[in-house]
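**Q** Numbering (this note's numbering), first residue to last: 43 to 623. Beta carbons are placed, not taken as given, at the ideal position from N, Cα and C, and that holds for glycine. All values reported here derive from a predicted model rather than from experimental measurement.
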RNA sequence: CGGGGUGUGGCGCAGUCAGGUAGCGCACUUGCUUUGGGAGCAAGAUGUCGGGGGUUCGAAUCCCUCCACCCCGACCA
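As structure tokens, this is what we get:
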């Protein structure tokens, strides 16, 4: 492609609305433009990257035996009413009416459509297992779209849906998808981790998320430094904590702690280890209000607590509301004499002689002992794991944490849709069998942003070869200089002929402008044609990642670049195997 | 939905408090010079000041109203 004939509207200045690196560079490099909140146009350079990701995904899905289809973006309400989601899905579902006043929605996902297809077309167990996928534009009317295409309302997603005869078959399909996903992210040249995830309201057997590791990630994942264990912080558990050193326990006492409300203040004032304190927090849920107890140095996790209590929803009460429910203002709440039903974190099970609020302003209790001073409450896993906690899977490991961007999710759906929508095939013994389903998503447009979060420097994007909009950029320094212009044209033609993806910067611009734009665009290999080295009969090949330029003659450049492209693709693919499951 | 903020040329912004006929930098056009990291000089084009209504001799500026976008929070099969 010729730069001079392309729409690559790079920006010198940072657009004000961009908060994260990927969004900034996508706007500045002219990959995307915003049309409405969370809705973007993909310009030529951006679209090329998007297509690269699509193709990596498509290749592996096909290799794993999935069949590509394309379902409608607009779906009739009837289908959603049938599955019950028309009522359950909130304002996130974009609802439409046609001219006859019939209700539709713009699909945020396609379980209903695929299940409808399956019940119409699948007749026999011999057609199973079947796995269908599509790469489709989805729309979810997110409450708060942000970070450009990272969390847009309209986005490109690969979604796959599998149908198996039984649980064992689903397990096999699931494993095949898991393996395909690993290969996809390896092929994209990304550092990622597969983590165990919260299964949410669907409550399937288990599910895994794939996270691209990046500082700006919206999710926190915990992983073992020793074994393969990795889980979303919303789900991660720790092994049993080592018991604290035994200390003599005095009788329970009430002590004055004027104005000391936080764990830090109380433990410092009383000269006690925060690990020997207990904090009490009031939560409200559909099951009513509870007093949750955690060790002073531990952090509450809403989702784990919700799951532990078996509640549909749960939230921390605001201090005034908490005081109203518990009868004492926050900062002095405690389990002794509490009126709300109590649940304590597992870490408190073996704690003895602890400090806690006295349910009286400006007073705490010390030397509190289960059974002697109050009945043992129900214990459950309520807290977020901390860095350094023991691994729940292996003896030696400690947990670490990292931030990640969720780019993929594999999920055992079970019979939820196949049953409610009546999918049935004839089984081997003649009777009807309801297939068991799985679903598998990949955020294609989100991967583009995630890749930039992971691969950039101060000057712009540093694309991995597999995702780069072009593999090679020819930087012709001065198009009015006939000899170097001719050399650039020749090299351009040779590379095109060889199937290398090449952008020829033939604009009549000063070299500085071209260098800056090239850095922004982040094309992995750059050939300088012109200037000093050309006078000596040489071209310079530069790597966007940095390092010294390599000189080549115009005659050997095409072959040399082809080799480099091939080496880079090989080297990057799978280079991060050690960081994955 | 609650809280905060911003809408002025393609982009980034000043001007709004103290109303007087719109400005700066970048980008764009033309010419000359320049050409290894976002050039210099000269000339030029580009604005419903988010929309509607009101006050006023006069509104980017004051008042009312609507809208869009951004940030924080709640939400997220």
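1) Using CA atoms only, rank isn't needed, just tell me which of 388, 590 and 97 is closest to residue 487.
2) In the DSSP assignment, find the alpha helix (DSSP H) that holds residue 586 and state where it starts and stops.
3) Residue 220 lies in the alpha helix (DSSP H); which residues open and close that run?
4) At which residues does the alpha helix (DSSP H) containing residue 445 begin and terminate?
5) Going by the DSSP bridge assignment, what does residue 327 pair with across the sheet?
6) Does the beta-carbon of residue 49 have 16 or more other beta-carbons within 10 angstroms, so that it is buried, or is it exposed?
7) Going by the beta-carbon positions, is the gap between residue 440 and residue 433 smaller than 8 Å?
8) For the structure I just gave you, are there three or more beta carbon pairs, one from the region 537-548 and one from the region 513-523, closer than 8 Å?
9) Could you pull out every residue in the same chain whose Cβ sits closer than 8 Å to the Cβ of residue 119, ignoring the five residues on either side in sequence?
10) Over what stretch of residues does the beta strand (DSSP E) that includes residue 305 continue unbroken?
11) Apply the 10 Å Cβ neighbour rule to residue 53 and answer buried if 16 or more other Cβ atoms are within range, or exposed otherwise.
12) How would you label residue 621, buried or exposed, when you count the other beta carbons within 10 angstroms and need 16 or more for buried?
13) Closer than 7 Å by C-beta to residue 243: which residues in its own chain qualify, once you throw out the five before and the five after it? Chain order, please.
14) So which of 304, 149 and 181 has the shortest CA-CA distance to residue 82?
15) Mapping the DSSP letters down to three states, classify residue 555 as helix, strand or coil.
16) Quickly, what does DSSP pair residue 298 with across the bridge? List them, please.
17) Looking at the secondary structure, which residues open and close the alpha helix (DSSP H) in which residue 277 lies?
18) Can you tell me whether DSSP reads residue 371 as helix, strand or coil?
19) Can residue 248 and residue 450 be called in contact, C-beta distance under 8 Å?
20) Can you tell which of 47, 152, 78 and 446 has the C-alpha that lies nearest to the C-alpha of residue 273?
21) Going along the chain, which residues of its own chain have a beta-carbon closer than 6 Å to the beta-carbon of residue 142, five neighbours each way excluded?
22) In angstroms with no decimal places, state the Cα-to-Cα distance between residue 150 and residue 269.
23) Residue 253 bridges to which residues according to DSSP?
24) When DSSP labels each residue in this structure, what does residue 602 get in the three-state scheme?
25) Could you check how far apart the C-beta atoms of residue 570 and residue 562 are, in whole angstroms? I think they sit under 8 Å.
26) Report all residues from its chain with a CB closer than 8 Å to the CB of residue 258; omit the five preceding and five following residues, and keep chain order.
27) When you compare the region 64-74 with the region 106-118, are there three or more beta-carbon pairs, one atom per stretch, that lie closer than 8 Å?
28) Assign residue 605 to one of two classes, buried (16 or more other C-beta atoms within 10 Å of its C-beta) or exposed (fewer than that).
29) According to DSSP, is residue 476 part of a helix, a strand, or is it coil?
30) Quick check on the DSSP output: the alpha helix (DSSP H) that includes residue 68 runs from which residue to which?
31) Cα separation between residue 612 and residue 328?
32) Check whether the Cβ atoms of residue 265 and residue 536 sit closer than 8 Å, and answer yes or no.
33) Round the Cβ separation of residue 296 and residue 238 to the nearest angstrom and send it over; I've been treating them as touching at under 8 Å.
**A** The answer reads as follows:
1) Walking along the first chain from the start, residue 487 turns up at place 445. Ranking the options by Cα distance to residue 487, first place goes to 97.
2) For the purposes of this step, residue 586 is taken as residue 544 along the first chain, with counting starting at 1. Run containing residue 586: none; DSSP gives neither H nor E here.
3) In the first chain, residue 220 corresponds to position 178, counting from 1. First-last of the alpha helix (DSSP H) with residue 220: 209-229.
4) On the first chain, position 403 is the one that residue 445 refers to. Element bounds for residue 445: not the alpha helix (DSSP H) but the beta strand (DSSP E), 441-456.
5) Within the first chain, numbered from 1, the residue matching residue 327 stands at position 285. Residue 327 is bridged to 330 and 356.
6) Taking the first chain and counting its residues from 1, one reaches residue 49 at position 7. Classification of residue 49: exposed, given that the 10 Å Cβ count is below 16.
7) Against the first chain, residue 440 aligns to sequence position 398. Against the first chain, residue 433 aligns to sequence position 391. It is a contact, given that the beta carbons lie within the stated cut-off.
8) yes
9) Position 77 of the first chain, counted from the first residue, corresponds to residue 119. Result list for residue 119: 128, 137, 144, 145, 146 and 147, in chain order.
10) In the first chain, counting from the first residue as 1, residue 305 sits at position 263. Not the beta strand (DSSP E): residue 305 falls in the alpha helix (DSSP H), residues 305-312.
11) Counting from one through the first chain, the residue named residue 53 turns up at place 11. It is exposed - the Cβ of residue 53 has fewer than 16 other Cβ atoms within 10 Å.
12) Here residue 621 refers to the residue found at position 579 of the first chain. Any reading at residue 621 must be qualified, since the residue scores a pLDDT of 39, below 50, and its modelled position is unreliable; the value itself is stated next. With fewer than 16 Cβ atoms within 10 Å of its Cβ, residue 621 is classed as exposed.
13) In the first chain, the residue the question calls residue 243 occupies position 201. Confidence at residue 243 is low in this model, with a pLDDT of 46, below 50, so its placement is unreliable and the value that follows should be read with caution. So no residue of the chain qualifies.
14) In the first chain, counting from the first residue as 1, residue 82 sits at position 40. When each option's Cα is compared against that of residue 82, the closest is 181.
15) As a working note, residue 555 is residue 513 in the first chain. Residue 555 falls in the helix class under three-state DSSP.
16) In the first chain, the residue the question calls residue 298 occupies position 256. According to DSSP, residue 298 bridges with 405.
17) Working through the first chain from its first residue, we reach residue 277 at position 235. Neither: residue 277 is in no alpha helix (DSSP H) and is coded neither H nor E.
18) Locating residue 371 in the first chain gives position 329, where the first residue counts as 1. Residue 371 falls in the coil class under three-state DSSP.
19) In the first chain, residue 248 corresponds to position 206, counting from 1. In the first chain, residue 450 corresponds to position 408, counting from 1. Not a contact, by the Cβ cut-off of 8 Å.
20) Along the first chain, one-based indexing puts residue 273 at 231. Of the listed residues, the one whose Cα sits closest to residue 273 is 446.
21) Sequence index remark: in the first chain, residue 142 carries index 100 (1-based). Correct list: empty, nothing qualifies.
22) Locating residue 150 in the first chain gives position 108, where the first residue counts as 1. Locating residue 269 in the first chain gives position 227, where the first residue counts as 1. Cα to Cα, residue 150 sits roughly 36 Å from residue 269.
23) To locate residue 253, count along the first chain from 1; it is residue 211. Its beta-bridge partners are 235 and 448.
24) For the purposes of this step, residue 602 is taken as the residue at position 560 of the first chain. Residue 602: helix per DSSP, three-state reduction.
25) Position 528 of the first chain, counted from the first residue, corresponds to residue 570. Position 520 of the first chain, counted from the first residue, corresponds to residue 562. Wrong, their Cβ atoms sit about 17 Å apart, outside the cutoff.
26) Within the first chain, the letter at position 216 stands for residue 258. Cβ within range, chain order: 62, 63, 64, 189, 445, 447 and 495.
27) no
28) For the purposes of this step, residue 605 is taken as residue 563 along the first chain, with counting starting at 1. Burial call: exposed.
29) Numbered from its first residue, the first chain carries residue 476 at position 434. In this structure, residue 476 counts as coil in the three-state DSSP scheme.
30) Taking the first residue of the first chain as 1, we reach residue 68 at position 26. Where residue 68 is concerned, the enclosing alpha helix (DSSP H) stretches over 63-70.
31) Residue mapping note: residue 612 aligns to position 570 of the first chain, counting from 1. Residue mapping note: residue 328 aligns to position 286 of the first chain, counting from 1. Distance between the alpha carbons of residue 612 and residue 328 is about 54 Å.
32) Position 223 of the first chain holds residue 265. Position 494 of the first chain holds residue 536. No, they are not a contact pair.
33) By one-based count along the first chain, residue 296 stands at place 254. By one-based count along the first chain, residue 238 stands at place 196. Wrong, their Cβ atoms sit about 44 Å apart, outside the cutoff.
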